[in-house]
Amino acid sequence: MWLLLMALPVSAWAAPFVATATAGVNLRSGPSTEHSILWNLPVQGYPLQVVEERGDWIRVVDFEGDGGWVAQSLVGPNHALIVTSDNVNLRSGPGTNFDIVAKTNRGVMLTIVKKKGQWLQVDVPGHKGEAWIFNTLCWGE
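Take the sequence shown: its letters are residues 77 to 217, numbered as in the working numbering.
Structure, rendered in structure tokens:
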């Protein structure tokens, strides 16, 4: 089994996800505060995928592939996802046989409540009751 795992390409291993621990996190061009700020994430809990670690810094990318460096102290566990398509159906349960209860669009951030197979229950602001999304329609989990 160990030999099989060693034979897998690095891309076969899923990179971990983290989320901004506070609003206003700066992503930088390199792994220190001496590097320029590329952009700012104004939202707490925004999911990012880790692609490299260097000391106390990690290089991350967002759902569109834009990235930069952030201090590890400014991120924590991820509990959110980003919708990657427009006009996505959110359903009352984990399957296409459940009623559509809402729709959402690309770029919307939703909090993950729980997972069931390939379906994710999400918290939708302004919606009471369950809402589920299929995992291929989102990024960050």
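Beta carbons are placed, not taken as given, at the ideal position from N, Cα and C, and that holds for glycine.
key: Cα-Cα separation, Trp-190 to Ile-209   = The sequence position of residue 190 within the sequence shown is 114, counting from 1. The sequence position of residue 209 within the sequence shown is 133, counting from 1. In the sequence as displayed, the identity of residue 190 is Lys instead of Trp. For Lys-190 and Ile-209, the distance between alpha carbons rounds to 11 Å.
inquiry  = Quick check: the region 143–159 against the region 173–188, are at least 3 beta-carbon pairs closer than 8 Å?
reply    = Touching, yes, given that three or more Cβ pairs across the two stretches are closer than 8 Å.
Where Gln-148 sits in the DSSP three-state scheme = Mapped onto the sequence shown, residue 148 falls at position 72. Secondary structure at Gln-148: helix, using DSSP grouped into helix, strand and coil.
ask   = Got a sec? Which residues, its chain only, sit under 7 Å from Glu-206 by beta carbon, not counting five neighbours each side?
value = Counting from 1 along the sequence shown, the entry for residue 206 is found at position 130. Contacts found: Ser-168, Gly-169 and Gln-197.
inquiry  = Does Ile-176 pass the burial test, meaning 16 or more other C-beta atoms within 10 Å, or should it be called exposed?
reply    = Stepping through the sequence shown from its first residue, residue 176 is reached at position 100. Ile-176 comes out exposed.
request  = Can you say whether Arg-130 is buried or exposed, counting buried as having 16 or more other CB atoms within 10 angstroms of its CB?
outcome  = Within the sequence shown, the letter at position 54 stands for residue 130. Burial call: exposed.
task = Quick one: grab the DSSP three-state call for Thr-180.
result = In the sequence shown, the residue the question calls residue 180 occupies position 104. Three-state DSSP puts Thr-180 in a strand.
query = Where does Asn-211 sit, in a helix, a strand or coil, going by DSSP?
reply = In the sequence shown, counting from the first residue as 1, residue 211 sits at position 135. Helix, per DSSP.
Supposed close pair Trp-145, Pro-92 - CB separation, criterion 8 Å = For the purposes of this step, residue 145 is taken as the residue at position 69 of the sequence shown. For the purposes of this step, residue 92 is taken as the residue at position 16 of the sequence shown. Trp-145 to Pro-92, Cβ: 16 Å. No contact.
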